[in-house]
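> Got a structure here, written out as structure tokens. Questions coming.
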Ligand code: BDR
Ligand code: CA
């Protein structure tokens, strides 16, 4: 199985993404690293433990960056609720986080298995940027970073910027310029993966805790998407990044140059994607198409394997 580290800010779609990872035999989950983002680090760290309890799995987890590198902290509690996991009956976190900082865990783990470890990031890129700054040779030792964030087009938090990019544009810029092998799964594809009422029902009908909790959280989240975007449910952003590692062929990829705007202003946090610039200066492969039905089928099948 492919060794992976999951870095994110659960966050309801991060939680579902992590359940998908834990349920997938293609992945060997070496550890989780929590970062500031949807809610503060104390909560994303606690929620990491909750996800492990839900899946009844023991995996090491670590606290990462508690704030962006330069800008002030941004939260998305308006979308994910005050705790980050909008569900009524959640298990307690039984396991406690490791003492070591996530930056050290990532550095040590990647270095122990050069060229093998994939980092799946579903939040602001602060922790990864710090790891790459502390050890500038780390990017070339990483197998690949797969990041849910950015967009080739419209943003969500602002017209120009997607939340994970806007929550730490300077970190995103560091990662995109680090030379690491990188795939970006942005809003341009994730907004096409909607948890419609039928799909939420299918998750609920799985009859296990993972399905029930996912269904409940997605119902809470659907309201925001109906009101703000006129969509028939919430977008499954972060699970698509995990699916992109399990089954890359679910998406269509295009190599291109991606720059991140770090000047404050209208375009702050925008991922400027050179769709027509050719591959000469490419620094990422960007998802430009997705087989939404096959993706949801995979998610459903996998969550069915959990308790
Ligand atoms: C991203 O922002 C967060 O709120 C979600 O968890 C996802 O990672 C979507 O823009
Ligand atoms: Ca997230």
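Numbering (full-length UniProt numbering), first residue to last: 5 to 311. Positions of the beta carbon are idealized from the N, C-alpha and C atoms, including for glycine.
With respect to the alpha helix (DSSP H) encompassing residue 215, which residues constitute its N-terminal and C-terminal limits?
Against the chain shown, residue 215 aligns to sequence position 211. First-last of the alpha helix (DSSP H) with residue 215: 213-233.
> Pair every Cβ in the stretch 200-209 with every Cβ in the stretch 178-190, then say whether three or more of these pairs are closer than 8 Å.
At 8 Å Cβ cutoff, the stretches do not touch.
> Suppose contacts are defined by Cβ-Cβ distances below 8 Å. Is residue 197 in contact with residue 239 by that definition?
Position 193 of the chain shown, counting from 1, holds the residue named residue 197. Position 235 of the chain shown, counting from 1, holds the residue named residue 239. Cβ distance < 8 Å, so residue 197 and residue 239 count as in contact.
> Should residue 312 go down as buried or exposed, given a rule of 16 or more other Cβ atoms within 10 Å for buried?
In this structure the chain extends from 5 to 311, so residue 312 is not present and cannot be described.
> For residue 150, which residues in the same chain have their Cβ closer than 6 Å to its Cβ, ignoring the five residues on either side in sequence?
The count along the chain shown starts at 1 and reaches residue 150 at position 146. Once the five neighbours on either side are set aside, the close Cβ partners of residue 150 are 124, 187, 245, 248 and 249.
> Could you say if the stretch 176-183 and the stretch 112-132 meet the contact criterion of at least three C-beta pairs nearer than 8 Å?
In short, these stretches touch, since the Cβ pair count reaches three.
> Using a Cβ-based criterion (distance less than 7 Å to any ligand heavy atom), does residue 167 qualify as near ligand 1?
Locating residue 167 in the chain shown gives position 163, counting from the first residue. Under cutoff, so the answer is yes.
> Taking its Cβ as the centre, do 16 or more other Cβ atoms sit within 10 Å of residue 119, making it buried, or is it exposed?
Position 115 of the chain shown, counted from the first residue, corresponds to residue 119. Its Cβ having fewer than 16 others within 10 Å, residue 119 is exposed.
> Could you check whether the Cβ of residue 77 sits closer than 7 Å to any heavy atom belonging to ligand 3?
With respect to ligand 3, the structure offers nothing, as its ligand set consists of ligand 1 and ligand 2.
> Roughly how many angstroms separate the alpha carbons of residue 95 and residue 87, rounded to a whole number?
For the purposes of this step, residue 95 is taken as residue 91 along the chain shown, with counting starting at 1. For the purposes of this step, residue 87 is taken as residue 83 along the chain shown, with counting starting at 1. If I take the Cα positions, the gap works out to 14 Å.
> Which two residues bound the contiguous beta strand (DSSP E) that contains residue 7?
Within the chain shown, numbered from 1, the residue matching residue 7 stands at position 3. Note, residue 7: beta strand (DSSP E), 6-12.
> Based on the DSSP secondary-structure assignment, which residues constitute the bridge partners of residue 304?
Along the chain shown, one-based indexing puts residue 304 at 300. Bridge partners of residue 304: none, in fact.
> Which of the three DSSP states, helix, strand or coil, is assigned to residue 115?
Here residue 115 corresponds to residue number 111 of the chain shown, with the count starting at 1. In the structure shown, residue 115 sits in a helix (DSSP, three-state: H, G or I).
> Quick test of the definition: if touching needs 3 or more C-beta pairs under 8 Å, does the stretch 68-85 touch the stretch 131-141?
Touching, per the Cβ criterion.
> Looking at C-beta atoms only, is the number of pairs between the stretch 107-116 and the stretch 25-33 that lie closer than 8 Å three or more?
Contact between the stretch 107-116 and the stretch 25-33 is absent, because fewer than three Cβ pairs lie under 8 Å.
> Taking Cβ positions, are residue 20 and residue 223 nearer each other than 8 Å?
As a position in the chain shown, residue 20 is number 16, starting the count at 1. As a position in the chain shown, residue 223 is number 219, starting the count at 1. For residue 20 and residue 223, no; Cβs fall outside 8 Å.
> Does ligand 2 have a heavy atom nearer than 7 Å to the CB of residue 51?
Within the chain shown, residue 51 is the residue found at index 47, counting from 1. Flag unset: Cβ of residue 51 not near ligand 2.
> Hey, out of 183, 251, 268 and 256, whose CA is closest to residue 139's CA?
Within the chain shown, residue 139 is the residue found at index 135, counting from 1. Of the candidates 183, 251, 268 and 256, the one whose C-alpha sits nearest the C-alpha of residue 139 is 183.
> Report whether the distance from the Cβ of residue 126 to the nearest heavy atom of ligand 2 is below 7 Å.
On the chain shown, position 122 is the one that residue 126 refers to. Under cutoff, so the answer is yes.
> For residue 249, report the span of its beta strand (DSSP E) as first-last.
By one-based count along the chain shown, residue 249 stands at place 245. From DSSP, residue 249 is part of no beta strand (DSSP E) but of the alpha helix (DSSP H) over 241-250.
> What span of residues does the beta strand (DSSP E) with residue 346 cover, start to end?
Absent from the structure is residue 346, since the part of the chain shown begins at 5 and ends at 311.
> Which ranges does the alpha helix (DSSP H) cover as unbroken runs of at least 4 residues, wholly within the stretch 63-98, from first to last along the chain?
Segments of the alpha helix (DSSP H) lying fully in the stretch 63-98: 81-84.
> Figure out for me which residue from 48, 53 and 58 has the closest Cα to the Cα of residue 64.
Here residue 64 refers to the residue found at position 60 of the chain shown. For residue 64, the nearest C-alpha among the options comes from 53.
> Applying the criterion that 16 or more other CB atoms from any shown protein chain within 10 Å of the CB defines a buried residue, is residue 163 buried or exposed?
The sequence position of residue 163 within the chain shown is 159, counting from 1. So residue 163 counts as exposed.
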